[in-house]
Amino acid sequence: MPTHPLPAPFVAVGAAFLNVKDAAEYLGLSPHTLYVWRHRRQGPPSFRMGPRGRVMYRRETLDAWIHEQELADSRCNTELSPLNAPRHYRSGSSAVA
Numbered sequence: 006m007p008t009h010p011l012p013a014p015f016v017a018v019g020a021a022f023l024n025v026k027d028a029a030e031y032l033g034l035s036p037h038t039l040y041v042w043r044h045r046r047q048g049p050p051s052f053r054m055g056p057r058g059r060v061m062y063r064r065e066t067l068d069a070w071i072h073e074q075e076l077a078d079s080r081c082n083t084e085l086s087p088l089n090a091p092r093h094y095r096s097g098s099s100a101v102a
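Residues 6 to 102 in my numbering are what the sequence shown spells out, letter by letter.
So, in structure tokens, the structure goes:
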């Protein structure tokens with residue numbers, strides 16, 4: 006039975022290292038956004054690989070970064086939600102129940 010190579014997007018998603026284009030696709034962003042974030046030292050961690058110094062991302066690092074973003078969002082992390090915080094009253098006023 007002949008084996009056929011997987012199309013490029015499937016190979017990129019399964020790879021341990023992603024270039025800017027593939028990482029942007031994986032995150033659902035534009036490559037330009039990743040370039041801007043890298044310039045501003047924001048966004049997911051990246052590094053340069055090889056003699057040409059191509060910018061690369063580890064897929065596991067992207068997953069960890071996504072998880073960090075979820076935890077930092079009060080809509081996903083109920084511990085950060087201001088709706089769950091105890092009420093604060095001004096000094097001198099009484100709490101009305």
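Just so you know, even glycine gets a beta-carbon here, dropped at the ideal spot from N, CA and C.
Can you tell me whether DSSP reads residue i as helix, strand or coil?
| i | result |
| --- | --- |
| Arg63 | strand |
| Leu32 | helix |
| Asp68 | helix |
| His37 | helix |
Could you tell me which residues DSSP puts in a beta bridge with residue i?
| i | result |
| --- | --- |
| Arg53 | Val60 |
| Leu23 | Tyr62 |
When you compare each of the options to residue i by their alpha carbons, which one comes out closest?
| i | options | result |
| --- | --- | --- |
| Arg53 | Arg45, Ala20, Ser96, Val25 | Val25 |
| Pro50 | Thr66, Pro56, Gly58 | Thr66 |
| Ala20 | Arg64, Tyr40, Asp78, Arg43 | Arg64 |
Is residue i near the ligand FMN, going by C-beta to nearest heavy atom under 7 Å?
| i | result |
| --- | --- |
| Ala20 | This structure simply doesn't include the ligand FMN, nor any ligand for that matter. |
Using a Cβ-Cβ cut-off of 6 Å (strictly less than) and excluding sequence neighbours within five positions of residue i, which residues of its own chain qualify?
| i | result |
| --- | --- |
| Trp70 | Pro49 |
| Arg46 | none |
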